[in-house]
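So the sequence shown is numbered by the numbering used here: it starts at 7 and just counts up by one.
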Amino acid sequence: MSQNLLESIRTDIADLPESGIVEIMNYGRSLDRDVIGLWAGEGDLPTPKFICDAAADALHGGDTFYTWQRGVPPLRAAIASYLSNLYGVDISAERPIVTVGGMQAIVATVQMLCGPGDEIIFPAPVWPNIFHAAHITGAIRTPVTFTFGNQGWKLDLDKLFDAVGENTRAIFINSPGNPTGWMATREELIAIRDFARERGLWIIADEVYGRFTYDRDHAPSFFEICEPDEKLIVVNTFSKNWAMTGWRIGWVTVPEALGQVYENLVQYNTSGVAGFLQQGALAAITQGEDFFKNEMLARCKTARDIVIDTLERLPRVRLAPPDGAFYAFFSVDGEENSRDLCLRLLDEVGVGLAPGTAFGPGAEQFVRLCYCTSEAQIRPAMERLAEALA
């Protein structure tokens, strides 16, 4: 009977693979031992009290009804102000749309742009959810692999542009990148923008890690070089900056002309984000700068130094210090299958990493370590890894 049920649904949906990251997490959680989990893209801090209080006050105050599909106006205005101040540009409050996390922003964007046979080009390794979101719509997914060497992860723009064909609808750019830590230069963004303009392509920009940089205030952004009515969709989230991963609230910034289209997509996918959650998000984006800089970013800087110092002393490890985001993405000489390595590290030393096999072509021998965590957690984790990988 079970097989008959599977055979009666869409084949491409039945064939969706389990997340390679979640597989490792589930295995690690099942072990009867102390496990330090550095597998997921989140920190170890709970959401700050001032954010929780704002949401709780709204909840207890009766903000429990259907609300604006695009997001409550004060939050959309605050997002526009935040982006305008950060990037030194004028972004209208009509452009941001509040979504159920950055993931819904990506899904709705792919739904809008791509049907069966349409193509998305993206540099890889890349966060796997974009790959499978495109698969669900029937889109063709074409990866263009980064190169990895002494200068770290590099994107060959000629190779990227040569991959574009007659069915290509969009180029997906995640910078700073998950899992590699690659960060596009302003010049690279301009080259991608100019090529997209020439070919009439959309740019989907995942700038979720745009504030997690270690030698500047923020990463170069398409906001700084594109016009308001450009074929540009920028995805972001409250999850990373303000320790709100479990809240599932993000936003997407679109040209004003697409406002009603996006409102329709929100309506028919989720019917909006809970009003009381949006009040928490409003507190985060208007009052959360000190928390971000003094807590989230500061602990990432400290942990990053510890991780890099440890891994660079291990002769079997090949690592390029990340330019942005909060991941170390490294390979270990003699280890051909990163999934097997991650399972073995859990069994032997109780440290959970994400396998490169989850991130597409070019990553099979790499593992991802999330260092958005406290010094008290990262030091014992690195001591265990040093023991296992020496």
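Where is the CB? At the ideal position from N, CA and C, for every residue including glycine.
These numbers were taken from a predicted model, which means no experiment stands behind them.
Name, in chain order, the residues that DSSP records as bridge partners for N180. Along the sequence shown, one-based indexing puts residue 180 at 174. Bridge partners of N180: D212.
Can you look up Y333 in the DSSP assignment and give me helix, strand or coil? Taking the first residue of the sequence shown as position 1, residue 333 is located at position 327. Three-state result, Y333: strand.
Which residues does DSSP list as the beta-bridge partners of G358? Taking the sequence shown and counting its residues from 1, the one referred to as residue 358 is at position 352. Partner(s): G43.
I need the DSSP call for V170, collapsed to helix, strand or coil. One-based indexing of the sequence shown puts residue 170 at position 164. Coil, per DSSP.
Does DSSP classify F372 as helix, strand or coil? As a first step, residue 372 must be located in the sequence shown, where it is residue number 366. Reduced to three states, the DSSP call for F372 is strand.
Using the Cα positions of N180 and V214, report the straight-line distance between them to the nearest angstrom. The residue labelled residue 180 in the question sits at position 174 within the sequence shown. The residue labelled residue 214 in the question sits at position 208 within the sequence shown. Rounded to whole angstroms, N180 to V214 spans 8 Å at the Cα level.
Leaving aside the five residues before and after D50 along the sequence, list all residues of the same chain whose C-beta is less than 7 Å from its C-beta, in chain order. Along the sequence shown, read from residue 1 onward, the residue named residue 50 stands at position 44. T379, S380, Q383.
Alpha-carbon spacing of V282 relative to P79, whole angstroms: Working through the sequence shown from its first residue, we reach residue 282 at position 276. Working through the sequence shown from its first residue, we reach residue 79 at position 73. Reading off the sequence, residue 282 comes out as Phe, not Val. In a straight line, the C-alpha of F282 is about 13 Å away from that of P79.
Check whether the region 233-247 and the region 100-118 are in contact - that is, three or more C-beta pairs closer than 8 Å. yes
For I231, which three-state DSSP category applies? Residue mapping note: residue 231 aligns to position 225 of the sequence shown, counting from 1. Coil at I231, not helix or strand.
Quick check: the region 309-323 against the region 89-102, are at least 3 beta-carbon pairs closer than 8 Å? no
Report the residue from F178, L11, W188 whose alpha carbon sits nearest the alpha carbon of F128. To locate residue 128, count along the sequence shown from 1; it is residue 122. Closest option to F128, Cα to Cα, is F178.
Same chain, Cβ closer than 8 Å to G121, five either side skipped, listed in chain order: Translated into positions along the sequence shown, residue 121 becomes position 115. Contacts found: T143, G144, A145.
Check whether the Cβ of D221 lies closer than 8 Å to any Cβ atom in chain C. No chain C appears in the structure shown, which is made up of a single protein chain.
Suppose contacts are defined by Cβ-Cβ distances below 8 Å. Is C306 in contact with F332 by that definition? The residue you call residue 306 lines up with position 300 of the sequence shown. The residue you call residue 332 lines up with position 326 of the sequence shown. Cβ distance < 8 Å, so C306 and F332 count as in contact.
Per-residue burial, E125 [other beta carbons within 10 Å of its own, 16 or more giving buried]: Counting from 1 along the sequence shown, the entry for residue 125 is found at position 119. By the neighbour-count rule (16 or more Cβ atoms within 10 Å), E125 is buried.
May I have a chain-ordered list of the alpha helix (DSSP H) segments no shorter than 4 residues that lie completely inside the region 83-125? 107-119
How is N270 classed by DSSP in three states: helix, strand or coil? The residue labelled residue 270 in the question sits at position 264 within the sequence shown. Residue state, collapsed to three classes: helix.
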